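Structural data, given as structure tokens:
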């Protein structure tokens, strides 16, 4: 991994390249810009990355205004810094300088990926394609341990864990009993966090085929909807987001990309954002829904259910419709 100085030196160059122009997002209203910081905060929190809502808002607004954030500008005596440390510690992450810088990079890259998608899909009205998704993912992965695989479809078979919870009493007691039996001289282990849910995804060798099919079906649906003047923005957004995350085309970052795609579509066709994951309860509900959606997606794929009859996205759709309804009422 680059040193902090080298990472910071790379950031201005990245911000100035063609895909991450520093031109401000002037054509989007303030309520969209402010909503995007909540989108990015919640999406990061779901994956246990990024930082507090305060630092997220500050860094995102700098990105959206075309400014270059100085992620090394850390005031150790500030409330912001204290909250950063508390957030890192509470989520089981280290609280050293490297961890702080990593969490800030995760915010900045998320904002840059969002900005790229909005400029491309919303402002430039470019039809979605695989290259757009790959570029957004590559931006998101910069400065992370998965940077080398940014924008590259996985070839291996993957499973994933969704969220974390503390072991139940039964799980913990069983692990303590096993530990005492196998290693009687070792100290009693502490209670630990375990995955909330686990999912299996599309086989690595099938990712390219699934992604081509997803993009084709999405664009065909958009074309028909625009021609008839009847675009169900939430249905379009949730079908795309759900299918994408169930395919899980990349090694890492799929959840964040799926929620960026969701919001690109809701902004373009509904004129608002869908903030997901701002509270722990909401994050747990979302992860449970993602697990159920993946189970349905795999079942419907095995039964060759046509695109228009698939139902894996319905749970997410109900959640997003309610969020959009509330946000429109409040703004």
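Numbering (the numbering used here), first residue to last: 1405 to 1735.
Where is the CB? At the ideal position from N, CA and C, for every residue including glycine.
What you are looking at is a predicted structure, and each value in this text was computed from that prediction instead of being measured.
Problem set entry | Segments assigned alpha helix (DSSP H), at least 4 residues, entirely inside the region 1639-1689 | List check, alpha helix (DSSP H) in window: 1658-1674.
For this session: Less than 8 Å between the CB atoms is what I'm expecting for residue 1505 and residue 1467, so what's the real figure, rounded?
Result: As a working note, residue 1505 is residue 101 in the chain shown. As a working note, residue 1467 is residue 63 in the chain shown. Incorrect: roughly 16 Å between the Cβ atoms, too far for contact.
Problem set entry | DSSP bridge partner residues for residue 1563 (one or two, in chain order) | Walking along the chain shown from the start, residue 1563 turns up at place 159. Looking at the DSSP output, residue 1563 bridges to 1604.
Exercise. Which stretch, first to last residue, makes up the alpha helix (DSSP H) that contains residue 1491?
Worked result: Start at 1 with the first residue of the chain shown, and residue 1491 comes out as number 87. Counting along the chain, residue 1491 sits inside the alpha helix (DSSP H) bounded by residues 1483-1494.
Exercise. Within this structure, are the beta carbons of residue 1601 and residue 1694 separated by less than 9 Å?
Worked result: What you label residue 1601 is simply residue 197 of the chain shown in a count that begins at 1. What you label residue 1694 is simply residue 290 of the chain shown in a count that begins at 1. The Cβ-Cβ distance between residue 1601 and residue 1694 falls below 9 Å.
Problem set entry | Per-residue burial, residue 1700 [other beta carbons within 10 Å of its own, 16 or more giving buried] | Residue 1700 sits at position 296 when you count from the first residue of the chain shown. Answer is buried; the Cβ neighbour count reaches 16.
Exercise. Where does residue 1425 sit, in a helix, a strand or coil, going by DSSP?
Worked result: Locating residue 1425 in the chain shown gives position 21, where the first residue counts as 1. Low confidence applies to residue 1425: its pLDDT is 43, below 50, so where it sits in the model is not reliable, and the reading given next is rough at best. DSSP places residue 1425 in coil when its eight states are reduced to three.
Exercise. In chain order, what residues of the same chain lie with their CB nearer than 8 Å to the CB of residue 1595, ignoring the 5 residues before and after it?
Worked result: In the chain shown, counting from the first residue as 1, residue 1595 sits at position 191. Excluding residues within five positions, the ones whose Cβ falls inside 8 Å are 1570, 1571 and 1576.
Exercise. Which residue spans inside the region 1536-1595 form an unbroken beta strand (DSSP E) run of at least 3?
Worked result: Whole beta strand (DSSP E) segments, 3+ residues: 1563-1570.
For this session: Take residue 1562 as the anchor and find which of 1603, 1554 and 1593 has the nearest alpha-carbon.
Result: Here the question's residue 1562 lines up with position 158 in the chain shown. Here the closest residue by C-alpha is 1603.
Exercise. Can you tell which of 1660, 1710 and 1560 has the C-alpha that lies nearest to the C-alpha of residue 1736?
Worked result: Outside the shown range of the chain (1405 to 1735) lies residue 1736, about which nothing can therefore be said.
For this session: Report the three-state DSSP secondary structure of residue 1502 (helix, strand or coil).
Result: As a working mapping, residue 1502 is identified with position 98 in the chain shown. If DSSP states are grouped into helix, strand and coil, residue 1502 belongs with the helices.
For this session: Report back the beta-carbon spacing between residue 1728 and residue 1647 to the nearest angstrom; my notes put them in contact at under 8 Å.
Result: One-based indexing of the chain shown puts residue 1728 at position 324. One-based indexing of the chain shown puts residue 1647 at position 243. The beta-carbon separation of residue 1728 and residue 1647, rounded to 20 Å, does not stay under the 8 Å limit for a contact.
For this session: Flag this pair as yes or no: are the beta carbons of residue 1446 and residue 1627 separated by less than 9 Å?
Result: For the purposes of this step, residue 1446 is taken as the residue at position 42 of the chain shown. For the purposes of this step, residue 1627 is taken as the residue at position 223 of the chain shown. Not in contact: residue 1446 and residue 1627 (Cβ atoms no closer than 9 Å).
Exercise. For residue 1703, which option in 1650, 1721, 1578 and 1580 has the closest C-alpha, if you only look at C-alpha atoms?
Worked result: The residue labelled residue 1703 in the question sits at position 299 within the chain shown. It is 1650 whose Cα lies nearest to the Cα of residue 1703.
For this session: From the DSSP output, in three-state form, read off residue 1469 for me.
Result: Against the chain shown, residue 1469 aligns to sequence position 65. DSSP, reduced to helix, strand and coil, places residue 1469 outside both helices and strands of the structure shown, so it counts as coil.
Exercise. Nearest to residue 1434 by alpha carbon, out of 1725, 1671 and 1689?
Worked result: The residue given as residue 1434 occupies position 30 in the chain shown. Taking the Cα of residue 1434 as reference, the smallest distance to any Cα among 1725, 1671 and 1689 is reached at 1671.
Exercise. What distance in whole Å lies between the Cβ atoms of residue 1511 and residue 1439, which are believed to be in contact at a cut-off of 8 Å?
Worked result: As a working mapping, residue 1439 is identified with position 35 in the chain shown. As a working mapping, residue 1511 is identified with position 107 in the chain shown. 16 Å between Cβ atoms; not a contact.
For this session: Go ahead and label residue 1430 buried or exposed: buried means 16 or more other beta carbons lie within 10 angstroms of its beta carbon, across all protein chains shown.
Result: Taking the first residue of the chain shown as 1, we reach residue 1430 at position 26. With a pLDDT of 49 at residue 1430, under the threshold of 50, the modelled position of this residue cannot be trusted; read the value that follows with caution. Looking at its Cβ environment, which holds fewer than 16 other Cβ atoms inside 10 Å, residue 1430 is exposed.
Exercise. For residue 1580, which residues of its own chain have a beta-carbon under 7 Å away from its beta-carbon, when the five flanking residues on both sides are left out?
Worked result: In the chain shown, the residue the question calls residue 1580 occupies position 176. For residue 1580, where only same-chain residues beyond five positions count, the Cβ hits under 7 Å are 1592 and 1593.
Exercise. Skipping 5 residues on each side, what residues in its chain have a beta carbon closer than 6 Å to that of residue 1645?
Worked result: Position 241 of the chain shown, counted from the first residue, corresponds to residue 1645. Counting only residues of its own chain and dropping the five nearest sequence neighbours on each side, residue 1645 has a CB closer than 6 Å to the CB of 1662, 1665 and 1666.
Problem set entry | Own chain residues within Cβ distance below 8 Å of residue 1479, not counting five before or after | Residue numbering aside, residue 1479 sits at position 75 when the chain shown is read from its first letter. Same-chain partners within the cutoff: 1485.
Problem set entry | Rounded Cβ spacing between residue 1450 and residue 1464 (contact assumed at less than 8 Å) | In the chain shown, residue 1450 corresponds to position 46, counting from 1. In the chain shown, residue 1464 corresponds to position 60, counting from 1. With a Cβ gap of about 16 Å, residue 1450 and residue 1464 do not count as contacting.
For this session: Assign residue 1488 to buried or exposed, taking buried as 16 or more other Cβ atoms, counted over all protein chains shown, within 10 Å of its Cβ.
Result: Mapped onto the chain shown, residue 1488 falls at position 84. Around the C-beta of residue 1488, 16 or more other C-beta atoms lie within 10 Å, and the residue is accordingly described as buried.
For this session: Identify whether residue 1630 lies in helix, strand or coil by the three-state DSSP scheme.
Result: One-based indexing of the chain shown puts residue 1630 at position 226. In the three-state reduction of the DSSP assignment, residue 1630 falls in the helix class, which pools H, G and I.
For this session: Have a look at residue 1710 and residue 1688 and give me their C-alpha separation to the nearest angstrom.
Result: In the chain shown, counting from the first residue as 1, residue 1710 sits at position 306. In the chain shown, counting from the first residue as 1, residue 1688 sits at position 284. Near 30 Å, if we compare the C-alpha coordinates of residue 1688 and residue 1710.
Exercise. Going along the chain, which residues of its own chain have a beta-carbon closer than 8 Å to the beta-carbon of residue 1635, five neighbours each way excluded?
Worked result: As a position in the chain shown, residue 1635 is number 231, starting the count at 1. Around residue 1635: 1626, 1629 and 1673.
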